[in-house]
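Peer 1: The structure's right below; bear with me while I get my questions together.
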Amino acid sequence: MLINSFLIYLQHEKRYSPHTVKSYQTDLLQFETFLHNDFEIIPVNAKATHIRSFIVSLMDLNISENAIGRKISTLRSFYKYLLRENELKVNPMTLIKAPKVPKRLPVFIEETKMDFLLDGEIEGKRVFDETFPSQRDKVVLELLFGTGIRLAELLLLKESDINFYEGTIKVLGKRNKERIIPLHGQLIDQLKTYIDLKLNQNFHNKITTLIVTNTGASSYPKLIYRIVKSYLTLISTQDKRSPHVLRHSFASSLLNKGADLNAIKDLLGHASLAATQVYTHNSVERLKSIYKQAHPKA
1 MLINSFLIYL
11 QHEKRYSPHT
21 VKSYQTDLLQ
31 FETFLHNDFE
41 IIPVNAKATH
51 IRSFIVSLMD
61 LNISENAIGR
71 KISTLRSFYK
81 YLLRENELKV
91 NPMTLIKAPK
101 VPKRLPVFIE
111 ETKMDFLLDG
121 EIEGKRVFDE
131 TFPSQRDKVV
141 LELLFGTGIR
151 LAELLLLKES
161 DINFYEGTIK
171 VLGKRNKERI
181 IPLHGQLIDQ
191 LKTYIDLKLN
201 QNFHNKITTL
211 IVTNTGASSY
221 PKLIYRIVKS
231 YLTLISTQDK
241 RSPHVLRHSF
251 ASSLLNKGAD
261 LNAIKDLLGH
271 ASLAATQVYT
281 HNSVERLKSI
291 YKQAHPKA
C-alpha cells in the first residue's frame, strides 16, 4: 500500500516519467519480496541491517555496481517519503553507504564517422534510398545526433512541434519540462522530405506522432534501438550502439567545437550543470591524445 502511494506521489507530484516510475516500482517490489522471504517483515519495519543484507544479496547475484547504486537511490527516496508522511520516525537509509562506482566516460561516435554515415557512401553505395522506411530511419539518426534529444523525447515528438519558420523544435523532457532546440538547415530539409513521404503513404490512421512505423503506427523504443544499432554497426565496432550514444555524440561534438557548457546543458535538458560536466572529461582526453601525437616532447 505504501509503495503504491509512493509511486502515485512520484507520478503526480514529482512528475516523473512512466519509465522512471516503473524502474522505482521494480526496485521496491524486489526489496519487498526479499524482506518477506528472508525476514518476514514489510519495508516500513526494515532496519539498516535488513537493507545491508538486501545489498549483499544483490552483490551475490553479480548485479552491477551501477544497478545497485540505482536501487539504493530508490530506497533513499522511498524512506524519505515515508518520513515525510510520518510513517516512520527514523530513516534507516542514513546508515547506508552506496558502493563506489568507477566513473565511466560517455561513449560517443566521432563526428566524421556520423557525417560519413549520413551524407557519404559505404562500399560505393549510399546508405539511404528514397523509400519511406529509409528516410524515416535517416530522420531518426539526424534528430538524435542533431539535437541530442532522449529516446523518450523522440517518441513523443509531433509534427506540430516543428517550427519550420523559426527553424526550431519543441521537446517535452523529464518532469514535463519543455525546451526549444534549434535545427540546422540540413535537418530541416530532411524533416520536410520525410513528412512529405509520410503524407503520401496513405496510412489508414493519421497518427500525429512524428516518427511512425512502416504501417503508420506510433513508433516504440525497440524499433528506435533497432534502427540506431543497425546503422551504427556500419561505422563502429564499439559495444554500445544505442540512441543515448548519439546524445553523447551531440554533446561531445558541441564541446569540442567550443560551445559554452551552460548552453549544452540547456540543449540537453539537464537539471544541473554537474550532469553536463561529464562531457568535459571526453574533451580533455581528446586534447591529451592530440598532445601526445603532436608535441615533440610528449
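In the UniProt record's numbering, the protein residues as written are 1 to 298. Even glycine gets a Cβ: it sits at the ideal position worked out from N, Cα and C.
1. Keeping to the same chain, check which residues put their C-beta closer than 8 Å to that of Lys14; ignore five residues upstream and five downstream.
2. Does the beta-carbon of Ile188 have 16 or more other beta-carbons within 10 angstroms, so that it is buried, or is it exposed?
3. So what does Thr168 bridge to, in DSSP terms?
4. Enumerated in chain order, which unbroken segments of the alpha helix (DSSP H) with a length of 4 residues or greater are wholly contained in the segment 181-221?
5. Using alpha carbons as the reference points, say which of Arg150, Leu246, Leu143, Asn256 lies closest to Thr168.
6. Where DSSP assigns a beta bridge to Ile235, which residues make up the other side?
7. Give the C-beta separation of Ala46 and Pro92 to the nearest angstrom, bearing in mind that I take them to be a contact with Cβ-Cβ under 8 Å.
8. Can you give the Cα-Cα distance for Lys138 and Tyr16, rounded to whole angstroms?
9. Going by DSSP, what residues sit across from Arg84 in a beta bridge?
10. Using the Cβ count rule (16 or more neighbours within 10 Å means buried), how would you classify Phe164?
11. Is the separation between the beta-carbon of Phe54 and that of Phe31 shorter than 7 Å?
12. Assuming Ser252 contacts Lys113 under a Cβ cut-off of 8 Å, what Cβ separation, rounded to an integer in Å, is found between them?
13. Using CA coordinates, which residue listed in His270, Ile227, His204, Ile41 is at the minimum distance from Ala217?
14. Pick helix, strand or coil for Glu40, following the three-state DSSP scheme.
15. Alpha carbons only, please: which of His270, Leu117, Phe34, Arg247 is nearest the one belonging to Phe108?
16. Kindly indicate which three-state DSSP category Ile68 falls into: helix, strand or coil?
17. Who are the Cβ neighbours of Phe44 in its own chain at under 8 Å, not counting the five residues just before and after it?
18. Considering only the beta carbon of each residue, do Leu172 and Leu156 sit closer than 7 Å?
19. So if DSSP puts Lys158 in a beta bridge, which residue, or which two residues, is it bridged to?
20. Can you tell me the Cα-Cα spacing of Leu232 and Thr94, whole angstroms?
21. Smallest Cα separation from Pro182: which of His19, Gln25, Asp266?
22. Straight-line CA distance for Val228 to Ser242?
23. Could you check which residue in Tyr225, Ala274, Val245, Lys192 has the C-alpha nearest to that of Ile162?
24. Near Asn214, which residues of its chain fall below 6 Å by C-beta distance, leaving aside the five closest residues on each side in sequence?
25. Can you list, in chain order, the residues of its chain whose CB lies under 6 Å from that of His270, leaving out five sequence neighbours each side?
26. What separation, rounded to the nearest whole angstrom, lies between the Cα atoms of Thr33 and Arg150?
27. Using the Cα positions of Gln201 and Glu40, report the straight-line distance between them to the nearest angstrom.
28. Start and end of the alpha helix (DSSP H) containing Leu267?
29. Which same chain residues end up closer than 8 Å to His244 when comparing Cβ atoms and leaving out the 5 residues on each side of it in sequence?
30. Taking the straight line between their C-alpha atoms, what separation do you get for Phe250 and Thr49?
31. With a floor of 4 residues, list each alpha helix (DSSP H) that falls wholly inside the segment 101-135, ordered by position along the chain.
Peer 2: Taking the coordinates as given:
1. These residues qualify, in order along the chain: Arg175.
2. Here Ile188 is buried, its C-beta having at least 16 other C-beta atoms within 10 Å.
3. Paired residues: Asn163, Pro182.
4. Counting only runs of 4 or more, we get 185-199.
5. Nearest of Arg150, Leu246, Leu143, Asn256 to Thr168, Cα basis: Leu143.
6. Residue pairing by DSSP places Ile235 opposite no residue, since no beta bridge is assigned to it.
7. 6 Å between Cβ atoms; contact.
8. Just so you know, the alpha carbons of Lys138 and Tyr16 end up roughly 30 Å apart.
9. According to the DSSP secondary-structure assignment, Arg84 is paired through a beta bridge with no residue.
10. Answer is exposed; the Cβ neighbour count stays below 16.
11. At the C-beta level, Phe54 and Phe31 come within 7 Å of one another.
12. Contact doesn't hold; Cβ gap of about 12 Å is too wide.
13. That would be His204, whose Cα lies nearest to the Cα of Ala217.
14. Assigned with DSSP and collapsed to three states, Glu40 falls in coil, not helix or strand.
15. For Phe108, the closest of His270, Leu117, Phe34, Arg247 by C-alpha to C-alpha distance is Arg247.
16. Helix at Ile68.
17. Position check: residue 44 holds Val in this sequence, whereas Phe was assumed. Counting only Cβ-Cβ distances below 8 Å, and skipping sequence neighbours, we find Leu2, Leu82, Glu87, Leu88.
18. Between Leu172 and Leu156, the CB-CB gap stays under 7 Å.
19. Answer is Thr209.
20. Approximately 44 Å between the Cα atoms of the pair.
21. Its Cα nearest to that of Pro182, the residue Asp266 stands out among His19, Gln25, Asp266.
22. So the two alpha carbons sit approximately 6 Å from each other.
23. The shortest C-alpha separation from Ile162 is found at Lys192.
24. Excluding sequence neighbours, Asn214 sits near Pro133.
25. Cβ neighbours of His270 beyond the five flanking positions: Thr276.
26. The alpha-carbon separation between Thr33 and Arg150 amounts to approximately 32 Å.
27. Roughly 58 Å between the two C-alpha positions.
28. Note, Leu267: alpha helix (DSSP H), 261-268.
29. Answer for His244: Arg150, Leu151, listed in chain order.
30. Taking C-alpha positions only, Phe250 is separated from Thr49 by approximately 44 Å.
31. If we require 4 residues or more, the alpha helix (DSSP H) runs fully inside the segment 101-135 come out as 111-119.
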